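Peer 1:
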Amino acid sequence: MKEEEKWSSQFLDWLSVQEEGDPAHDLQHIERVVLNTRHLAREEGLGLEVLLPAAWLHDCVHVAKDSPNRSKASVMAADRAVEYLEEVGYPAEYFEAIHHAIEAHSFSAGIETRTLEAAVLQDADRLDALGAVGLSRCLMLGGYMGSELMSRVDPFCELREPEDAKFAVDHFYRKLLKLENTMKTTAGRALATERTDFLRAFLEQLRREVLS
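Right under this line is the structure:
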């Protein structure tokens, strides 16, 4: 445990002086993903030699959500993470697995997970897009990017394809409500179901308020 705490402190110190991304991908997001990762790793009986650095460093390169290079962000982060880990003397035997876990965590990258560690990190990151935190992040990011809250004509995407670059609520239909079915671990699926139910309840309440 002392070794884990030492590395966690070192990773946190390094991230604290790096340029942050958008408000939904800040240091608090990373800390929550680390907590999710620890929980899922315990449930799966995994050690943290791969997962601890992968969780801390999974967003160490930031690419804007509306950038054409957004889908490359996780591979860029994986490359930078391994470079940094080499610099600080982290055991090289874990580099390949760490790189894969980071590159495969991203929804937009579409890289299939090949290891249980990668599945855990992917689930841990996606859990932070669900529930009360995920709802808050979605609306906060929509405001940050200048999106409208919802479409005046079809607010719940019943007769059109979601346009989440224009409307924050559309992001629920384009991505968030789909994440539950992408979860790879048993514990991750259970948590995702609970948190997705929360999002659906929010949308039902929103529907009552704006369409009644």
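Numbered per my numbering, the sequence shown spans residues 151 to 362. By construction, the Cβ of each residue, glycine as well, lies at the ideal position given by its N, Cα and C atoms. Bear in mind the structure is a predicted one, so any value in this text is a computation, not a measurement.
#1: Assuming A204 contacts L271 under a Cβ cut-off of 8 Å, what Cβ separation, rounded to an integer in Å, is found between them?
#2: Between the stretch 287-294 and the stretch 305-319, can you find at least three pairs of beta-carbon atoms closer than 8 Å?
#3: Residues bridged to E298 by DSSP?
#4: Within its chain, find whatever has a CB closer than 7 Å to the CB of A274; leave out the 5 residues flanking it on each side and keep chain order.
#5: Kindly give me the distance between the Cβ atoms of R324 and P312, rounded to whole angstroms, as I take these residues to be in contact under 8 Å.
#6: Given a cut-off of 8 Å on the beta-carbon distance, is the pair L280 and L349 in contact?
#7: For L299 and Y240, what's the separation of their Cα atoms in angstroms?
#8: What span of residues does the alpha helix (DSSP H) with H249 cover, start to end?
#9: Measuring alpha carbon to alpha carbon, tell me which of V225, N219, E199 and V200 ends up nearest C210.
#10: Give me the Cβ distance between V238 and I248, rounded to the nearest whole Å; I'm assuming they're in contact under 8 Å.
#11: Rounded to the nearest angstrom, what separates E153 and E181 at their Cα positions?
#12: Near L329, what residues of its chain come up, given a Cβ to Cβ distance below 8 Å and the 5 sequence neighbours on each side ignored?
#13: Considering Cα atoms alone, identify which of E155, H179 and H255 is closest to A268.
#14: Where does A282 land, buried or exposed, given buried means 16+ other C-beta within 10 angstroms?
#15: Run through DSSP, which three-state label would P305 get?
#16: Run through DSSP, which three-state label would M333 get?
#17: Mind checking L202: buried by the 16 CB within 10 Å criterion, or exposed?
#18: By the three-class DSSP mapping on this structure, what secondary structure does S258 have?
#19: Among E246, H208 and E155, which one has its Cα closest to the Cα of L165?
Peer 2: The short version:
#1: Translated into the one-based positions of the sequence shown, residue 204 becomes position 54. Translated into the one-based positions of the sequence shown, residue 271 becomes position 121. In this structure A204 touches L271 by the C-beta definition: roughly 5 Å separates them, less than 8 Å.
#2: The stretch 305-319 vs the stretch 287-294: in contact.
#3: Numbered from its first residue, the sequence shown carries residue 298 at position 148. Partner(s): F317.
#4: As a first step, residue 274 must be located in the sequence shown, where it is residue number 124. So the qualifying residues of the chain are V183, N186, T187, L190 and A205.
#5: As a working note, residue 324 is residue 174 in the sequence shown. As a working note, residue 312 is residue 162 in the sequence shown. R324 to P312, Cβ: 4 Å. Contact.
#6: Counting from one through the sequence shown, the residue named residue 280 turns up at place 130. Counting from one through the sequence shown, the residue named residue 349 turns up at place 199. Yes, these two residues count as a Cβ contact at 8 Å.
#7: Here the question's residue 299 lines up with position 149 in the sequence shown. Here the question's residue 240 lines up with position 90 in the sequence shown. The alpha-carbon of L299 is positioned some 44 Å away from that of Y240.
#8: By 1-based counting over the sequence shown, the position of residue 249 is 99. F245 to A254 is the extent of the alpha helix (DSSP H) around H249.
#9: Against the sequence shown, residue 210 aligns to sequence position 60. The shortest CA-to-CA distance from C210 to any of V225, N219, E199 and V200 is the one to V225.
#10: Against the sequence shown, residue 238 aligns to sequence position 88. Against the sequence shown, residue 248 aligns to sequence position 98. Actually they are not in contact, since the Cβ atoms of V238 and I248 sit about 13 Å apart, beyond 8 Å.
#11: Counted from its first residue, the sequence shown places residue 153 at position 3. Counted from its first residue, the sequence shown places residue 181 at position 31. If you take the alpha carbons of E153 and E181, they lie about 18 Å apart.
#12: Here residue 329 refers to the residue found at position 179 when the sequence shown is read from its first residue. If we look at L329 and ignore the five residues flanking it on each side, its Cβ neighbours are F257, R276, A279, L280, A342 and T346.
#13: In the sequence shown, counting from the first residue as 1, residue 268 sits at position 118. The shortest C-alpha separation from A268 is found at H255.
#14: One-based indexing of the sequence shown puts residue 282 at position 132. A282 is exposed by the Cβ-count criterion.
#15: Position 155 of the sequence shown, counted from the first residue, corresponds to residue 305. Three-state result, P305: coil.
#16: Locating residue 333 in the sequence shown gives position 183, counting from the first residue. M333: coil per DSSP, three-state reduction.
#17: Against the sequence shown, residue 202 aligns to sequence position 52. L202 comes out buried.
#18: Residue 258 sits at position 108 when you count from the first residue of the sequence shown. S258 falls in the coil class under three-state DSSP.
#19: Stepping through the sequence shown from its first residue, residue 165 is reached at position 15. Looking at E246, H208 and E155, the one whose alpha-carbon comes closest to that of L165 is H208.
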